[in-house]
Amino acid sequence: MQGKTSAKYMKRRFKKLKEEMKEISRQQQSIREGQRQVAAKFKAIEEECEQLRQETNRIIRQSANTQIRLSLMFNILKAREQGDFSKAANLTQLLREIVTRDNVSLSADS
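Here it is in C-alpha cells:
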C-alpha cells in the first residue's frame with residue numbers, strides 16, 4: 381500500500397512542479413516582452429533626444445548668425461553716421477554675402 385501512496389504523492393508532486401514550471405515560463409515570457417517594450421521605448425527616447433540636440437544646434441547657429449547680422453547692421457549705421465561710406469559699402473556687401481550664404485544653407489537643410 382505504501383508504494384501506491386508514494387507513487388500518488390510523486391505523481392501529484394510532479395504535476396504540481398510541471399504547473400509551477402509553466403507558470404515560471406509564462407512569467408519569463410512576460411518579462412522578456414516587458415524588456416522588449418522598454419528597449420523600444422528607450423530607443424524612441426534616444427532618437428527624440430538626438431532630434432532635440434540637432435534642433436538645439438540649429439537654433440544656436442541661427443542665433444549666432446542673427447548676432448553677426450545685427451552687429452554688421454549696427455556698424456553700417458555707425459559708418460554712415462560718421463560719413464565713412466566706403467566702410468559702410470564694404471560692410472553692406474559683407475552683410476549681403478552672409479544673408480545669401482545663410483539662405484542657401486537654409487534651403488539645403490529643408
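All residue numbers for the sequence shown refer to our numbering, where the first residue is 381 and numbers rise by one. Positions of the beta carbon are idealized from the N, C-alpha and C atoms, including for glycine.
Residue i burial status per 10 Å Cβ neighbour count (16 or more: buried)
i      : result
Leu471 : buried
Boundaries of the alpha helix (DSSP H) in which residue i is found, first to last residue
i      : result
Thr482 : Thr is not the amino acid found at residue 482; the sequence shown has Asp there. From DSSP, the alpha helix (DSSP H) with Asp482 extends over Phe465 to Asp489.
Nearest-angstrom Cβ-Cβ length linking residue i and residue j, presumed shorter than 8 angstroms
i      : j      : result
Ala444 : Ile456 : So it is not a contact: roughly 19 angstroms between Cβ atoms.
Leu486 : Leu452 : Between Leu452 and Leu486 the Cβ distance is about 18 angstroms, and since that is not below 8 angstroms, they are no contact.
Ile478 : Arg449 : 7 angstroms
Residue i at chain B interface by Cβ criterion, 7 angstroms
i      : result
Lys458 : The question asks about chain B, but that chain is absent: this structure has only one protein chain.
- Item | Segment contact flag, the region 403-416 with the region 436-450, C-beta cutoff 8 angstroms, min 3 pairs | At 8 angstroms Cβ cutoff, the stretches do not touch.
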